[in-house]
Each structure stands twice: as C-alpha cells, then as structure tokens.
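Engineer: Questions regarding the structure given below will be posed in turn.
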Amino acid sequence: MELDGANRVQGRRSVCGSDTFTAHDPATGRPLPPLFHDATQAEVDAALAGATEAFRKLRRVAATARAAWLRAIAAELEACGEPLLARATAETGLPRARLEGERGRTCGQLRLFAGVVEEGSWVEARVEHALPERGPLPRPDLRRMLVPLGPVAVFGASNFPLAFSVAGGDTASALAAGCPVVVKAHPGHPGTSELVARAVLAAADRTGMPEGVFSLLHGRSHALGAALVQHPSTRAVAFTGSLAGGRALFDLAVARPEPIPVFAEMGSINPVLLLPGALAAGPEALAEALFESMMQGLGQLSTKPGLVLVEEGEAAERFIAREQARLIPRLEWIVPHYFTGRRVAFAGDPQMLAGFHELATELGMIVDFMAASARARDELPAVDDAHTITLYAPPESTLTRILADTTRDGLELLIGDSLAHNAVRSTKLLGLHFGFPCFQRHALFDSPFLGFNGWMWMLDAIANAIDLVHQRQHAPPER
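Residue 281 in numbering that gives the first Met the number 0 sits at position 282 of the sequence shown, and the numbers go up by one each step.
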C-alpha cells in the first residue's frame, strides 16, 4: 500500500500547507519517503467542524452499530498484514515480533470495547422512581446515565506505534463511547499512523458511520497540539507521553474559557530504593534483574526504573559495576546520535575550553566559536582551531556580538557559564544557553545513573535550543 503523506480530514485526503517532513529509519538515520504535510489551522478547524457534526449523528447510532465499527477496525488492521508491520519496523526500529504482539493487543482492545458497548453497563444508568406521597416533600423521578462528551483530541505515543496511537486504547474508548476522534499523529511514525488511519476510515465507510467521525492530522510543532486542545469544539484530550508534555496540554486545557478534561498517561522517573540487606545478599543478581526490567519491551515501557538509590559501600560498588557492564553497551550510542553534525559555540572558563573542544570533536559537532576569558594570554589552553576567540574579561557586548555572528550562520547550541547566560538574556535568546559544569569524561560516561540521566537532561535542553535558534535572525553587528 503506497503512502501519500496527506492528512485525513472528514474522511478525505487533505494537503493545505506547504511545510513537510519525513520519517527516519532509527537504525541508519536515513529519511523514509514520502513527505508528510504539516496540518494547518484551516485543517484543524475543518477536522473539528466535521467531528462536531458527526457527534450529533453518532449519538443516534445504535450501540450495536458502533460495536460493529470497532470490530471492523480490528479486521482492517489485521488485513493490512505485512505492509503495516514493515513500515512500523522501519520507522521505530522495533522488531517484528514485538510489533506483531502490539498489533494483537490493539485489535484485542478494539474488540474488547465493542463488547463493552454492546453489554451497556458502562453508562451506569440509574433510575430513582418518583415518590409523590413522600413527606414532608415528594421525590421527583430521577434518572442518570453517562453520555459522550463530544469530539476528543488524541495524541499518539512515540513508543507504541499501534497500541497507544492512532487506533489505540484512547481512540477505541472514545469511539466506543460515541465520541468522534481527531488524532495528532506522532511524527516519529507518520507512515504507520497513515496506514492505521486508512484502516479506521475504511471500517467507518463499511459500517456506515457518519462522515467526520475520524480525522488524522500530521505535524511536528507544539502549535498543532495547542490548536487542538484550545479549539472550542474539542471536548476532551487523551495523551500518552512525557510528564512535561502532559502538563503542558493540561495547562492549556484548564486555561480555556470552558475547561475540558485531559486524560494523560505520563512517564515518570520511577525511583527504586535498594535496601542494604537485599543489596548485600546479591548485588550482581539485583543488577541483572534491574537491567532486565529496564530493557523490557526494548526499554520502551514507561514503568521501567529510572533512578536507583543505594547505600554507599562494597555491595553498592559491585552492583554499580555489573550495571555499568550491562547498560553502557546498550545506551552509549544514543548520546552521539543527538550531537553529530550540530553547530556549537563555547563561552566560559578557560580551563574547560580544551576539554570542550576534545569532547565536541569526538561527538562530531561543528565548532563555530570558542570564547574564554583570562587575565593573561598564557592562562588560555592551546587549542588548534580556527574559530577560537581568546578574550580578556569580555563584556556582555562582546559576547553578544559573537552570538549575533554565529546565530546568523546557524549556531544550534551555546555552552557556557553565567557570563554566557547574561549575554543570552540580553539578546532574548533564553532557550539558547545551556550551562554544563564539567566536561571531564568521568562525569559523562562513568556513572550508569547520574551520568546517563544527566546526558538525557542535557539533550532536552539542546533540543529546545535548536528549535529556538533556527527561528532567530540577527542584524550584523556594528563594526
């Protein structure tokens, strides 16, 4: 089945914008065709207008018909066969066996909700008959049941391209309740998302569901997600992802003139405390168990341990040594992948300049400028690089000039100290600065916990910096 990279709005292909992106093979970094089109505000409006109209019609559709649609979606997904699994493998790097199991879970969820819809007790219907003779006041007839809210915005997860994405549990439960769905496809697996969306729409057409009951929107920016949450026609949000992402959507939802619920499954650090007795009884065995827990599902489970607390001592050292031996070969490739080819500048302590240059070169980064201040030139370490600037107590204006020069040429990251931070504030590039106190190798590689988590924290800041810098242009400095 050939992909076209279009959005699906009210059951039809939609390409309104000119901004495009591609998926990438995580094993090679190579782009995967085709080009996918970022959804525009007009497409958001059209998708939710269609969902609002479909909601009115869907409320009159019998529960048995909705159940038939859910079962038809499961059948369509199974009929996608090899093309769906091949594309999901190419976009995520997950092995076929894992994705086969995930597809089975996805179809099982759909069929489970179909049964729930038909059974009917989910509406929690209650009837309290009138008691006209009750004193001192009569009781009226009271009836209560759960009803669908309206259009639901669903955000696909990155780590489960089938079971927690376009036709995953959030979508299945919303459709089962009678709520139309507008899905924001995850940009990490847009081709998989398109194939699943086609299956959902084919099933809707086959079972006579109203037009507009399901739409799929592609997009890389946070603006698309914000537009979906803030749209007045959206009545609920479903999200699977990071704590930061979920809280951001929640904040947008509660800031609306009419707040709406956000159903968010968010990741966490999941700290684990190893008590001294258990650690002393078998540190190596505990390290192996922890490793297996972290790597379950190829490390994609949000419930895996993220922080381990141990009491200092011989047993802890043995535990850490075994954990290092198992974890580092699995994880160390991730860090260079984020840095290779990035443009970077350094401003700060001269004693850190040489270490920064060595590290940046090792990671394949492009060094634009390195600025260090000193009281005397001989205090500056010798670095063989054409872009090194040696400064003597440079004022903020000098560093601002460096920023202006390098940003215009595509600088993606500035690493520096408080001086750099102040200069960045003066140029209003608040997201450009990332301070890192130590560039010695042991601080980056030798600790399997703080070291790796520190890298991940650093990567988040770098990603934000890169997003911001590419949007900025500065006038040439005065000469």
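Note that beta-carbon positions come from the ideal geometry of N, C-alpha and C, so glycine has one too.
Remember, it's a predicted structure, so these values are computed and weren't measured experimentally.
Which residue from Thr63, Ser17, Val153 puts its Cα closest to that of Gly119?
Structural biologist: The option with the nearest alpha carbon to Gly119 is Thr63.
Engineer: Between which two residues does the alpha helix (DSSP H) containing Thr88 stretch?
Structural biologist: 62-91
Engineer: In the DSSP assignment, find the unbroken beta strand (DSSP E) run with Arg143 in it and report its ends.
Structural biologist: Run containing Arg143: 141-143, per the beta strand (DSSP E) assignment.
Engineer: Can you give me the start and stop residues for the alpha helix (DSSP H) that Val199 sits inside?
Structural biologist: 189-205
Engineer: For His185 and His217, what's the separation of their Cα atoms in angstroms?
Structural biologist: 7 Å
Engineer: Mapping the DSSP letters down to three states, classify Gly16 as helix, strand or coil.
Structural biologist: coil
Engineer: What's the call for Pro189, buried or exposed, on a 16-neighbour Cβ count within 10 Å?
Structural biologist: buried
Engineer: Could you tell me whether the Cβ atoms of Glu310 and Pro275 are closer together than 8 Å?
Structural biologist: yes
Engineer: Based on the DSSP secondary-structure assignment, which residues constitute the bridge partners of Pro270?
Structural biologist: Leu306
Engineer: For Ala124, I'd like the list of residues in its chain whose CB is within less than 6 Å of its CB, leaving aside the five on either flank, ordered along the chain.
Structural biologist: Met144
Engineer: Measure the Cβ-Cβ separation of Ile268 and Gly305 and say whether it is below 8 Å.
Structural biologist: yes
Engineer: Going by DSSP in three states, Gly244 sits in which element: helix, strand or coil?
Structural biologist: Correct three-state label for Gly244: helix.
Engineer: First and last residue of the alpha helix (DSSP H) that includes Pro275?
Structural biologist: Where Pro275 is concerned, the enclosing alpha helix (DSSP H) stretches over 275-280.
Engineer: For my contact list, Thr233 and Ala173 are in at a C-beta cut-off of 8 Å; report their separation, rounded to the angstrom.
Structural biologist: The Cβ separation is near 12 Å, so there is no contact.
Engineer: Within the continuous alpha helix (DSSP H) that includes Ser172, where are the two ends?
Structural biologist: 168-176
Engineer: Which residue from Phe20, Ala176, Gly281 puts its Cα closest to that of Leu111?
Structural biologist: Ala176
Engineer: Considering only C-alpha positions, which residue in the set Glu361, Leu47, Ala73, Phe35 is nearest to Arg205?
Structural biologist: Ala73
Engineer: Return the CA-CA distance between Ala235 and Val60, expressed in angstroms with no decimal places.
Structural biologist: Straight-line Cα distance between these residues: approximately 21 Å.
Engineer: Between Val122, Pro137, Gly168, Leu130, which lies nearest to Pro147 when the distance is taken from Cα to Cα?
Structural biologist: By alpha-carbon distance to Pro147, the top candidate from Val122, Pro137, Gly168, Leu130 is Val122.
Engineer: On a Cα-Cα basis, can you pick out the residue from Glu52, Arg55, His23 that is closest to Glu90?
Structural biologist: His23
Engineer: Please report how far the alpha carbon of Ser157 lies from the alpha carbon of Glu283, in whole angstroms.
Structural biologist: 32 Å
Engineer: On the DSSP letters alone, give me the boundaries of the beta strand (DSSP E) that Glu127 sits inside.
Structural biologist: 125-127
Engineer: What does DSSP give as the partner residues of Arg138 in its beta bridges?
Structural biologist: Answer by DSSP bridge pairing, in chain order: Leu130.
Engineer: What do you reckon, are the CB atoms on Ala196 and Leu215 nearer than 8 Å?
Structural biologist: The Cβ atoms of Ala196 and Leu215 lie closer than 8 Å to each other.
Engineer: Starting from Leu31, follow its DSSP beta bridges and name the residues at the other end.
Structural biologist: Ala22
Engineer: State buried or exposed for Phe46, treating a residue as buried only when at least 16 other CB atoms are found within 10 Å of its CB.
Structural biologist: According to the sequence displayed, residue 46 carries Ala and not Phe. Buried is the call here.
Engineer: For Glu127 and Phe54, what's the separation of their Cα atoms in angstroms?
Structural biologist: 29 Å
Engineer: Classify Phe435 as helix, strand or coil using the three-state DSSP reduction.
Structural biologist: Note on Phe435: pLDDT 37, under 50, position unreliable in the model; no value is reported.
Engineer: Please give the ranges of any beta strand (DSSP E) in the region 203-233, keeping only runs that are unbroken, at least 3 residues long and fully inside the region.
Structural biologist: 213-216
Engineer: Could you please give the first and the last residue of the uninterrupted beta strand (DSSP E) stretch that includes Phe54?
Structural biologist: It is not in any beta strand (DSSP E) - Phe54 instead sits in the alpha helix (DSSP H) that spans 40-57.
Engineer: Go through its chain and collect everything with a Cβ distance to Glu193's Cβ below 6 Å, but skip five positions before and after it.
Structural biologist: Beyond the five residues adjoining it in sequence on each side, Glu193 comes within less than 6 Å, by CB distance, of Leu2 in the same chain, given in chain order.
Engineer: Using the rule of at least 16 other Cβ atoms within 10 Å of the residue's Cβ for burial, across every protein chain shown, is Asp140 buried or exposed?
Structural biologist: exposed
Engineer: Taking all protein chains shown into account, do 16 or more other C-beta atoms lie within 10 angstroms of the C-beta of Asp169, making it buried, or fewer, making it exposed?
Structural biologist: buried
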